[in-house]
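Letter 451 of the sequence shown, counting from 1, is numbered 451 in full-length UniProt numbering, and no numbers are missing. Where a beta carbon is used, it is the ideal one built from N, C-alpha and C, also for glycine. Just so you know, these numbers come straight off a predicted model, no measurement behind them. Shown next, in structure tokens, is the structure this report addresses.
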Amino acid sequence: MPTRTNAARDTNPSGTGAPPRAQSNSYRDSTLGIFALLLAFRIVNALTLRTFFQPDEFFQSLEPAWQLAFGPATHAWITWEWRSQLRSSLHPALFAAVYRVAAHVADLCGLRLPAKAELLLAAPKVTQAVFAALLDCYTWKLAEKVYGRGSRTALTTNLGSLSELRLSLLLAALACILRPTNALIWLSISIPTLWQASQRLRYVLAREILICGSAVLVCSVATDRLYYRVWTLPPLRFLYFNIAQSLAVFYGRNRGDYYFTEGLPLLLTTSLPFAVIGLWQSLQGPEPEPFGSAKSDRPDNTTASSQDATGGRILARLSWTVTAMTVTLSLISHKEVRFLYPILPFLHIISARPLSRFLPPHAALSHKAVILFLLASNVLLASYASQVHQRGVIDVLAYLRHKHETRNSLLNTRSSTGSNSPAVSNTTVGFLMPCHSTPWRSHLVYPEISAWALTCEPPINIPLSERSTYLDEADEFYIKPGPVAWLRGNMEDVQTIKASGSRSGQHWTRQDPKFKRKYRRQWPQNLVFFEQLEATLEEYLEGTRYQECWRGFNSHFHDDSRRTGDVVVWCLDGV
């Protein structure tokens, strides 16, 4: 009479002899171990990142989150998208909660202001690192579905399938609410799935899609009602403003082939050849094979063949989704490489099989050398992009923040008022840069740092016929009328900041009030600009009390000529 162990071995498709429960526990432990490693890597990466990539990583999440957490008096920069109700409040609400928790922890621990500021800087980075690690882990799990051993595939598809489906649909609906173009991905996946499903399964899928989608929509509408104080549906307004009113093209137009000739190469870098081969093979319908093994090595060729066919169908579906997403986005005039980010995990999985075949267990030395070169190139590119390129626009905010802390620390040390509340001195900053060149309140932190910058509001409610001549504030500064004319028309008279040797600014203001003109900006204590503007400002502000007090490397090259060179700070009276 067979024992329970033998019965389990007989029903186990992998033929390993381990009971299904033990195998499930082993797989779970393995997954947790991999997630822990990924999380550690992502946290280290997030906390050591020193460069700037896109304004949206700050202005579409952290700035509204900062205002939501600490109130409008903290002077977060709320862009036009939020004033026009184009964005869902769910995303900043998450980071607002993170900010509140971090601030509460800092208060409980009695952290001083500089340490609290560092904690507020780190908290959203660590939060995003958790999301990135989850994405990495589930990308690996999806690769297991396609390429992994049969036993693992069977276990992950059979345990809790309905609950996993609901979680997937909830996350899909949330992704579409946060970024409406994500609907292209889920339509590409769900329509063929519904078409090929049996009538009963089609009913279950349609029911779950309706329930999960409605739940997320209701939650989103309720949250947006609380945030905007009016009933609104941001995804529809997003499509209306960007497509119906064509406001997206205000921020740039690109060629129709941009994603194929620039976007995908930038996204994939050294894995591009393998992704192209993998896409072609997957669209042809070949069956994937497990890494480092042959079908003949499997104990159950029928089961293995079935699982290979399932993996092939998944690869084909992913490939068609990548193709549909890229082609559809190519039809839109405004293109950015980050719009393709949602399909990057698909591309990694698709490129895995050609890569594994290029480097089998006993690969030729030349193949190993090629892979080593590609890997080293990728590491160098990643290091340069995360530690060097565009680091000045991050470093300058750290300089301004630390300078503000030092000034107020000295002020409180010298204060003899005996007040329990420390005296606070404001720090004023003006950024003469293209709009959104730096992060804002999420990095300045202190509301006492009073800052302004050039804006780039789009031509909302301006007829199409008049948009060709429209210039935002940054364009007016750089193009028409130009830097010197803009400074003359928008800043106080330069005589108010002349050096003491040629009479002080106070003297000129007393003699003639026109030098302190109404509705014009006062010259700030700190003037921040790119090196490209330095010669112009040296000529215009010659003889004033401004002196260079900080300079930081930003980039060796830049696609925007206005952002070339170092980041420079001039301080009034050199302080």
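Chain-order list of residues whose beta-carbon lies under 8 Å from that of residue i (same chain, five-residue window excluded)
{"i": "S246", "result": "S333 and L464"}
{"i": "S416", "result": "Its pLDDT being 43, under 50, S416 is placed unreliably in this model, and the coordinates cannot settle the point."}
{"i": "R521", "result": "G430, W452, N490, M491 and E492"}
{"i": "R42", "result": "A129, V130, A132, A133 and D136"}
{"i": "S351", "result": "L268, S271, F274, A275, I277 and G278"}
{"i": "G110", "result": "none"}
{"i": "P434", "result": "L454, C456, A474, Y478, D560, R562 and R563"}
{"i": "D566", "result": "G392, F530, E531, R551, G552, F553 and N554"}
{"i": "R202", "result": "L194"}
{"i": "E534", "result": "G565 and V568"}
{"i": "D297", "result": "Residue confidence is low: D297 scores 47 on pLDDT, short of 50, so the model does not pin down where it sits. Its coordinate-derived value is still stated next. Same-chain partners within the cutoff: there are none."}
Neighbour-count burial assignment, residue i, 16 or more Cβ in a 10 Å radius
{"i": "N426", "result": "exposed"}
{"i": "F373", "result": "exposed"}
{"i": "F557", "result": "exposed"}
{"i": "S163", "result": "exposed"}
{"i": "E63", "result": "buried"}
{"i": "V218", "result": "exposed"}
{"i": "T261", "result": "exposed"}
{"i": "S188", "result": "buried"}
{"i": "Q547", "result": "exposed"}
{"i": "L264", "result": "buried"}
{"i": "N554", "result": "buried"}
{"i": "D224", "result": "buried"}
{"i": "T321", "result": "buried"}
{"i": "H348", "result": "buried"}
{"i": "A376", "result": "exposed"}
{"i": "L32", "result": "exposed"}
{"i": "G71", "result": "exposed"}
{"i": "P124", "result": "buried"}
{"i": "K295", "result": "Any reading at K295 needs caution, since the residue's pLDDT is 47, under 50, leaving its predicted position unreliable; the model's value is listed next. Exposed."}
{"i": "H75", "result": "buried"}
{"i": "Y251", "result": "exposed"}
{"i": "G543", "result": "exposed"}
{"i": "V185", "result": "Looking at the sequence shown, residue 185 is not Val but Ile. The residue in question, I185, is buried, as its Cβ has 16 or more Cβ neighbours within 10 Å."}
{"i": "L68", "result": "buried"}
{"i": "G256", "result": "exposed"}
{"i": "P361", "result": "exposed"}
{"i": "E81", "result": "buried"}
{"i": "W280", "result": "exposed"}
{"i": "N242", "result": "buried"}
{"i": "residue 631", "result": "Nothing can be reported for residue 631, as the shown portion of the chain is limited to 1 through 575."}
{"i": "W231", "result": "exposed"}
Sheet register partners of residue i (DSSP bridge)
{"i": "A451", "result": "V429"}
{"i": "M491", "result": "R521"}
{"i": "F529", "result": "L432 and V568"}
{"i": "K498", "result": "T544"}
Cut-off 7 Å between Cβ atoms - residues of its own chain near residue i, not counting five sequence neighbours on either side
{"i": "K480", "result": "L471"}
{"i": "D573", "result": "R545"}
{"i": "R253", "result": "S333 and H334"}
{"i": "Y259", "result": "T326, L329, S330, K335 and L340"}
{"i": "R4", "result": "Residue confidence is low: R4 scores 42 on pLDDT, short of 50, so the model does not pin down where it sits. Its coordinate-derived value is still stated next. No residues qualify anywhere along the chain."}
{"i": "I314", "result": "K145 and V146"}
Terminal residues of the alpha helix (DSSP H) in which residue i lies
{"i": "W280", "result": "L272 to Q284"}
{"i": "Y138", "result": "L113 to Y147"}
{"i": "G213", "result": "Q199 to Y228"}
{"i": "N378", "result": "L365 to Q387"}
{"i": "R166", "result": "S161 to L178"}
{"i": "H558", "result": "Element bounds for H558: n/a, residue is neither H nor E."}
{"i": "P235", "result": "P234 to L239"}
{"i": "S442", "result": "R441 to L444"}
{"i": "T357", "result": "A small fix is needed here, since residue 357 is Arg in this sequence, not Thr. Per DSSP, R357 belongs to the alpha helix (DSSP H) from L344 to F358."}
{"i": "T193", "result": "A183 to Q196"}
{"i": "L464", "result": "L464 to R467"}
{"i": "E473", "result": "E473 to Y478"}
{"i": "L331", "result": "Neither: L331 is in no alpha helix (DSSP H) and is coded neither H nor E."}
{"i": "P265", "result": "L264 to L268"}
The beta strand (DSSP E) enclosing residue i, as first and last residue numbers
{"i": "R253", "result": "Note, R253: premise wrong, no beta strand (DSSP E); not H, not E."}
{"i": "R551", "result": "Y546 to G552"}
Close beta carbons around residue i, own chain, < 6 Å, minus the five adjacent residues each side
{"i": "L527", "result": "G430 and W570"}
{"i": "L355", "result": "F274"}
{"i": "F79", "result": "Note that residue 79 corresponds to Thr in the displayed sequence, not to Phe. Answer for T79: F59, listed in chain order."}
Closer than 7 Å: residue i CB and nearest the ligand GDP heavy atom
{"i": "A215", "result": "Looking at this structure, you won't find the ligand GDP or any other ligand, since it has none at all."}
>> My parser needs the alpha helix (DSSP H) runs of 4 or more residues fully inside the stretch 50–104; what are they?
In response: For the stretch 50–104, whole alpha helix (DSSP H) runs of length 4 or above, ordered along the chain, are 56–59, 62–70 and 80–83.
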